[in-house]
Amino acid sequence: MTLAARRRDVDQLLSLYAPVIEGRENAGLCVVAGNRSYLESDEASRSAYKSVKRVLEQARGKVTKVLLGVEGIEKGLHEVLSSHPVVTLFFLYDEEKLDLIERCSALGFEGAVYVPYAIDKPRADVVRALADYALRRKWLRRRLLEMGLEVPQTFVTSGASPKLMEVIEEAVSRLSIYGSRDEVVKNIRKLRSYGVAIVVGLPIFEEPEQVLAFGGCIKRA
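Be aware that the sequence shown starts at 0, since it is given in numbering that gives the first Met the number 0, and climbs by one per residue.
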């Protein structure tokens with residue numbers, strides 16, 4: 000069960016979640032700072048690091064299995080882990096940040112990765128489906144502004160310039176795994192080589208065939 004630490008009702012939600020989680024053997028709590036896109040303005044202004052640390056302290060002794068969302072607290076991660084060493088780190092897949100997973104794994108921390116995936120789907124369809132997800136990344140919005148490009152609220156291919164399309168395609172490729180079954184297997188093996196213990200796949204196209212194909216790729220990897 001995922002809990003955004005910067006939400007104003009976080010205390011109430013934790014009090015509701017904790018007994019439900021502990022009453023089930025296969026349940027756990029995933030604490031994340033919360034993406035600004037899903038928060039009210041007053042919530043988004045709260046410190047991600049302080050909010051996450053506060054929720055972890057409140058959950059101590061109440062919840063056994065805890066995943067810690069790393070996005071937004073990378074700079075303060077070492078300090079958080081020094082106080083709360085018994086957590087599984089939960090990363091959003093980013094091909095250019097795999098070294099952080101590797102460093103944490105070398106320190107003995109179990110890592111999980113949330114990765115959007117598509118198998119045997121046209122590249123254009125993948126880009127179109129995942130463009131808005133990519134645009135929620137701060138580094139991508141910053142890059143577009145530096146290039147003098149307008150950051151669209153919602154991505155529409157028909158009105159996109161060739162340069163914008165190129166940047167969006169690169170970002171989607173960086174933030175997801177897609178291609179043939181063999182290509183997906185290769186990428187999963189790469190994740191394993193960086194110390195990833197748990198792969199949490201999000202099917203970009205919500206079809207049973209995609210989930211079954213990904214399961215087959217996991218077994219092969």
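Beta carbons are placed, not taken as given, at the ideal position from N, Cα and C, and that holds for glycine.
So, with DSSP's three-state summary, where would you put isoleucine 118?
Here isoleucine 118 sits in strand by DSSP.
Compare the beta carbon distance of isoleucine 118 and glycine 110 with 8 Å and say whether it is the shorter of the two.
Their beta carbons are not under 8 Å apart, which means isoleucine 118 does not touch glycine 110 by this criterion.
Would you call the stretch 200-220 and the stretch 63-72 touching, i.e. three or more CB-CB distances under 8 Å?
Result no; under three Cβ-Cβ pairs closer than 8 Å.
Span of the beta strand (DSSP E), counted from its first residue to its last, around phenylalanine 213:
No beta strand (DSSP E) contains phenylalanine 213, which is instead part of the alpha helix (DSSP H) from 207-219.
Roughly how many angstroms lie between the CA atoms of alanine 220 and alanine 32, to the nearest whole one?
The alpha-carbon atoms of alanine 220 and alanine 32 are separated by roughly 31 Å.
Could you tell me which of Asp10, Phe90, Leu12 and Gln152 sits nearest to serine 36, measuring between CA atoms?
Residue Gln152 is the option with its Cα nearest to serine 36.
Straight-line CA distance for glutamine 11 to lysine 64?
So the alpha carbons of these two residues sit roughly 19 Å apart.
Return helix, strand or coil for glycine 147, following the three-state DSSP convention.
Looking at glycine 147 - three-state DSSP - the assignment turns out to be coil, as it is neither helix nor strand.
Classify arginine 191: buried if its beta carbon has 16 or more other beta carbons within 10 angstroms, exposed otherwise.
With fewer than 16 other Cβ atoms within 10 Å, it is exposed.
Output needed for serine 104: all residues of its chain with C-beta closer than 6 Å, excluding positions within five of it in sequence on either side, in chain order.
For serine 104, where only same-chain residues beyond five positions count, the Cβ hits under 6 Å are Gly110 and Gly194.
Between the C-alpha atoms of leucine 148 and asparagine 34, what's the straight-line distance to the nearest angstrom?
The straight-line gap separating the alpha-carbon atoms of leucine 148 and asparagine 34 is approximately 23 Å.
Determine, using beta carbons only, whether leucine 66 and valine 86 come nearer to each other than 8 Å.
Closer than 8 Å, so yes.
Our contact map puts valine 199 next to valine 125 with C-beta atoms below 8 Å; I'd like the distance itself, whole angstroms only.
Valine 199 to valine 125, Cβ: 18 Å. No contact.
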